[in-house]
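S.K.: Before we start, here is the structure in question, set down as structure tokens.
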Amino acid sequence: MSTVSKLAAVAMLSLSLAAAPSDVAVVVRADTPVDNLSFADVRKLFMGDRQYWTSNLRVTLLIREPAARERDVVVKTLYGMTEAQFRQYWISKIFRLEASIGPKIVYSSDMAAELVTAVPGAVTFMDSSVVPKSLKILKIDSRLPGEKGYRLH
Amino acid sequence: MLRLKLCLALLSIPLAIYPQSADSDNQAELIRALRERIDQLERRMAQMESALAAGTSPVRAKPETKLEAPKEAVAHMGGAEHPMGTAPPGEPSTYPSLKIAGFSDFDFASTDQHGVKSGFNEGQFVLHLNSNLSQKVTVLGEISLTARTDPGIGSPPAAGFNVEVERSIIRFEQNDYFKISFGRYHTPINYWNTEFHHGQWLQTTISRPEMVQFGGKFIPVHFVGALVEGAVPFGGLNLNYNVGLGNGRGTIISRAGDFGDNNNNRAWLVNLFAKPDHPFGLRFGASVYRDKITPAAGLNAREWIQSGHIVWQKENPEFIAEFANITHETIAGRAATFNSQAWYVQVGYRLPGIAVLWKPYYRFEYIHIPKSDPIFLGVPGLAGSVVGLRYDISSFAALKLEYRNQWRPDQVRVNGIFAQTSFTF
Numbered sequence: 038m039s040t041v042s043k044l045a046a047v048a049m050l051s052l053s054l055a056a057a058p059s060d061v062a063v064v065v066r067a068d069t070p071v072d073n074l075s076f077a078d079v080r081k082l083f084m085g086d087r088q089y090w091t092s093n094l095r096v097t098l099l100i101r102e103p104a105a106r107e108r109d110v111v112v113k114t115l116y117g118m119t120e121a122q123f124r125q126y127w128i129s130k131i132f133r134l135e136a137s138i139g140p141k142i143v144y145s146s147d148m149a150a151e152l153v154t155a156v157p158g159a160v161t162f163m164d165s166s167v168v169p170k171s172l173k174i175l176k177i178d179s180r181l182p183g184e185k186g187y188r189l190h
Numbered sequence: 453m454l455r456l457k458l459c460l461a462l463l464s465i466p467l468a469i470y471p472q473s474a475d476s477d478n479q480a481e482l483i484r485a486l487r488e489r490i491d492q493l494e495r496r497m498a499q500m501e502s503a504l505a506a507g508t509s510p511v512r513a514k515p516e517t518k519l520e521a522p523k524e525a526v527a528h529m530g531g532a533e534h535p536m537g538t539a540p541p542g543e544p545s546t547y548p549s550l551k552i553a554g555f556s557d558f559d560f561a562s563t564d565q566h567g568v569k570s571g572f573n574e575g576q577f578v579l580h581l582n583s584n585l586s587q588k589v590t591v592l593g594e595i596s597l598t599a600r601t602d603p604g605i606g607s608p609p610a611a612g613f614n615v616e617v618e619r620s621i622i623r624f625e626q627n628d629y630f631k632i633s634f635g636r637y638h639t640p641i642n643y644w645n646t647e648f649h650h651g652q653w654l655q656t657t658i659s660r661p662e663m664v665q666f667g668g669k670f671i672p673v674h675f676v677g678a679l680v681e682g683a684v685p686f687g688g689l690n691l692n693y694n695v696g697l698g699n700g701r702g703t704i705i706s707r708a709g710d711f712g713d714n715n716n717n718r719a720w721l722v723n724l725f726a727k728p729d730h731p732f733g734l735r736f737g738a739s740v741y742r743d744k745i746t747p748a749a750g751l752n753a754r755e756w757i758q759s760g761h762i763v764w765q766k767e768n769p770e771f772i773a774e775f776a777n778i779t780h781e782t783i784a785g786r787a788a789t790f791n792s793q794a795w796y797v798q799v800g801y802r803l804p805g806i807a808v809l810w811k812p813y814y815r816f817e818y819i820h821i822p823k824s825d826p827i828f829l830g831v832p833g834l835a836g837s838v839v840g841l842r843y844d845i846s847s848f849a850a851l852k853l854e855y856r857n858q859w860r861p862d863q864v865r866v867n868g869i870f871a872q873t874s875f876t877f
């Protein structure tokens, strides 16, 4: 197979993968004291309205960079906002001292997984097909990604 | 096969970048991150090639040990998308972790009010400082510089700008349900006052409602003291509270008692608001504020403020309505009671599709103040409309054009055109 053919095949594969994305999973470290959240609770988490898992464990939000599909899904589905509204939301939230720090940005699923592993209390979202087994996928309204009625896709 | 993976990585770059070409603000940052990612992949491939050459498994095992976070590739939300400073992932390793941001605006005004000149003017230049002193201790400062009308006059000559510490707060957080802070606040008995502060860019309109105008006397805009706040587990209602104790109004009632309480009588406030799960976007709340004020020797009054708000916190449509009633009971000389009311309703709508950068808006506001109220002596009532259009030049800057029509008791109706560019940096 020539190099050009390989590239074409890879491009086709990329497009086909992009056409059939998996659900977006909410992922935490295995030792985070939560397994199941309601959709409203997940929204509170990512909107910075809930900032502590427990009194001694602060929530650290990790979000993907702009234009990542996972970010688009979360911004539209959870926040109900456009990208511009999402940015203004966090600037104003810090300005009001409702949050002392905003979400941190990660640039790949690997990076998100590594940081969730490394940072106690970290939570992120990633394509459910690439979540490492060492991390915990949270149920949303008692449903895991791929199950009927799961809302983050 | 390894070369093929490298090709895949390289091929994926333009595919990844293209969808966000419209978002030029983030391209440089994203490209930098992608390059770093490519470097990481190339290093990983080199390791795999070495492993293959050595006859060992090329499969990269997931590390079992706690990983060090790749600090160089991760920025704080503000760092990557807004210059609020940067922070490594996880808890900052060093304290304090100061982040600085700013807001400012430039304005043009033209009215038919007799004796008022049209022209440009510089709005407030606001610096916002935020610093974590530990995982649970945060400091916030908000400093404004406002152009004076009398620069170069007096002895010594007045400076061109007034510097004001608008907010200075230190807050200790126990958890989501209990946070205690001390400092100078924007009094949390009014939605607009605590939602937009001095960030003109954050608010849809050019002007603030008259009831919370900077330097205005109707609502005590600032509060110096202590505040306990937090969330209350209350089902899907998502109730939040603020309870405060402070100095209340100073001798100049538009100012807080920064230097101390002028009558040795603390003000207190209670504010409750809810952001229910359903419908998402609704917020409503109510507040009570109590103080004894002494604006002049021999003039004392008890002040009660009751206020409420209901807000639809979205842009399709945006809806904000607030009401406040202020009761003054004079307690020196002849006792009397005076009630003043102020309210406003504002609606806006972010246009859909290709017009998404445009947002028309309208606000009606009304203030009634009894002429005989000695505390609000000389403070005029108001009935006015504001209609305007906001255009978002970028994610961090906006242009606004506004027409105002205002009527005050015993005065001629005033019409005005106002323009503003406001931004954050």
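These protein sequence lines are chains A and B, in that order.
Residue 190 is where the first sequence ends in the numbering used here, and the numbering goes up by one at each step.
Residue 877 is where the second sequence ends in the numbering used here, and the numbering goes up by one at each step.
Positions of the beta carbon are idealized from the N, C-alpha and C atoms, including for glycine.
As the structure is a prediction and not an experimental result, all values here were calculated from the model.
Measuring only between beta-carbons, confirm whether Phe132 of chain A sits less than 8 Å from chain B.
M.R.: Chain B, which has a Cβ nearer than 8 Å to the Cβ of Phe132 of chain A, makes this yes.
S.K.: List, in order along the chain, the chain A residues whose C-beta lies closer than 7 Å to that of Ile806 of chain B?
M.R.: At a beta-carbon threshold of 7 Å, none of the residues of chain A lie near Ile806 of chain B; the nearest stands roughly 14 Å away.
S.K.: In terms of residues, what are the limits of the beta strand (DSSP E) holding Gln863 of chain B?
M.R.: First-last for Gln863 of chain B: undefined, no H or E at that position.
S.K.: Would you verify that the beta carbon of Gln621 of chain B is, or is not, closer than 8 Å to some beta carbon of chain A?
M.R.: According to the sequence shown, residue 621 of chain B is Ile rather than Gln. At least one CB atom of chain A sits nearer than 8 Å to the CB of Ile621 of chain B.
S.K.: Starting from the C-beta of Tyr547 of chain B, find all residues in its chain whose C-beta is less than 7 Å away, skip the five residues before and the five after it, and write them out in chain order.
M.R.: Asn584, Leu585, Ser586, listed in sequence order.
S.K.: Against His649 of chain B, what residues of chain A qualify as contacts under a CB-to-CB distance less than 8 Å, listed in chain order?
M.R.: Phe132, Arg133
S.K.: Could I get the ranges of all uninterrupted beta strand (DSSP E) runs contained in the stretch 617-653 of chain B, with 3 residues as the minimum, in chain order?
M.R.: 630-638
S.K.: With a cut-off of 8 Å on the beta carbons, I'd call Leu834 of chain B and Gln858 of chain B a contact; round off their distance for me.
M.R.: 6 Å
S.K.: Touching or not, the stretch 90-102 of chain A and the stretch 156-165 of chain A, by the rule of three or more beta carbon pairs under 8 Å?
M.R.: yes
S.K.: Kindly list the residues whose CB is nearer than 6 Å to the CB of Ala794 of chain B, restricted to its own chain and excluding five residues on each side of it in sequence; keep chain order.
M.R.: Met663, Phe670, Ala776, Ile819
S.K.: Starting from Ser706 of chain B, follow the alpha helix (DSSP H) in both directions and report where the run begins and ends.
M.R.: For Ser706 of chain B, no alpha helix (DSSP H) run applies, since DSSP gives it neither H nor E.
S.K.: Assuming the contact rule is C-beta atoms closer than 8 Å, Leu172 of chain A and Val65 of chain A should be a hit. Round their C-beta distance to whole Å, please.
M.R.: 7 Å
S.K.: Go ahead and label Arg786 of chain B buried or exposed: buried means 16 or more other beta carbons lie within 10 angstroms of its beta carbon, across all protein chains shown.
M.R.: exposed
S.K.: Using only CA atoms, which one of B:Phe666, B:Pro661, B:Thr656, B:Arg636 lies nearest to Leu679 of chain B?
M.R.: B:Arg636
S.K.: Consult DSSP for Leu189 of chain A and reduce its assignment to one of helix, strand or coil.
M.R.: In this structure, Leu189 of chain A counts as coil in the three-state DSSP scheme.
S.K.: For Leu654 of chain B, would you say it is in contact with chain A, using Cβ-to-Cβ distances shorter than 8 Å as the test?
M.R.: Yes, its Cβ sits closer than 8 Å to a Cβ of chain A.
S.K.: Ordered along the chain, which non-local residues of its own chain (more than five positions away) have a Cβ less than 8 Å from that of Arg87 of chain A?
M.R.: Asp78, Lys81, Val96
S.K.: Using 8 Å as the threshold, is the C-beta distance between Pro769 of chain B and Val799 of chain B below it?
M.R.: Against a cut-off of 8 Å, the Cβ pair of Val799 of chain B and Pro769 of chain B comes out as a contact.
S.K.: On the DSSP letters alone, give me the boundaries of the alpha helix (DSSP H) that Lys130 of chain A sits inside.
M.R.: 120-132
S.K.: Let's test the definition: count the other Cβ atoms within 10 Å of the Cβ of Arg600 of chain B and tell me whether it reaches 16, buried, or not, exposed.
M.R.: Arg600 of chain B is exposed by the Cβ-count criterion.
S.K.: Put Ser166 of chain A into one of helix, strand or coil per three-state DSSP.
M.R.: Helix at Ser166 of chain A.
S.K.: Distance cutoff 8 Å, beta carbons only. Does Ala77 of chain A sit that close to anything in chain B?
M.R.: yes
S.K.: Going by C-alpha distance, which of B:Ala726, B:Val740, B:Ala784, B:Trp756 is nearest Ala748 of chain B?
M.R.: B:Ala784
S.K.: Taking only runs of the beta strand (DSSP E) that begin and end inside the stretch 724-761 of chain B, which ones reach a length of at least 3 residues, in chain order?
M.R.: 734-748
S.K.: Decide if Asp68 of chain A is buried, meaning its Cβ has at least 16 other Cβ atoms within 10 Å, or exposed.
M.R.: exposed
S.K.: Compare the Cα-Cα distances from Tyr741 of chain B to each of B:Ala726, B:Leu734, B:Ala719 and report the closest residue.
M.R.: Looking only at B:Ala726, B:Leu734, B:Ala719, the smallest Cα-Cα distance to Tyr741 of chain B is reached by B:Ala719.
S.K.: Evaluate Gly183 of chain A with the Cβ neighbour count: other Cβ atoms within 10 Å of its Cβ, from every protein chain shown; 16 or more gives buried, anything less gives exposed.
M.R.: exposed
S.K.: Measuring only between beta-carbons, confirm whether Asp416 of chain B sits less than 8 Å from chain A.
M.R.: Not covered by the structure: residue 416 of chain B. The range shown for chain B is 453 to 877.
S.K.: Go ahead and label Thr452 of chain B buried or exposed: buried means 16 or more other beta carbons lie within 10 angstroms of its beta carbon, across all protein chains shown.
M.R.: An answer regarding residue 452 of chain B cannot be provided, because it is not within the stretch 453 to 877 covered by chain B.
S.K.: Quick check: Lys811 of chain B and Glu767 of chain B, are their CB atoms within less than 8 Å of each other?
M.R.: yes
S.K.: Output needed for Val808 of chain B: all residues of its chain with C-beta closer than 6 Å, excluding positions within five of it in sequence on either side, in chain order.
M.R.: none
S.K.: Taking 8 Å as the CB-CB limit, is Ser586 of chain B close to chain A?
M.R.: no
S.K.: Can you tell me whether Arg865 of chain B is buried or exposed, with buried defined as 16 or more other CB within 10 angstroms of its CB?
M.R.: exposed
S.K.: Note down, in chain order, every chain A residue with its Cβ under 7 Å from the Cβ of Glu616 of chain B.
M.R.: None at all; the shortest Cβ gap to chain A is about 17 Å.
S.K.: For Phe732 of chain B, go through chain A and note every residue whose CB falls closer than 9 Å to its CB, in chain order.
M.R.: In chain order: Ala77, Arg80, Gly117.
S.K.: Assuming contact is defined by CB atoms lying nearer than 8 Å, are Ala62 of chain A and Ser165 of chain A in contact in what I supplied?
M.R.: yes
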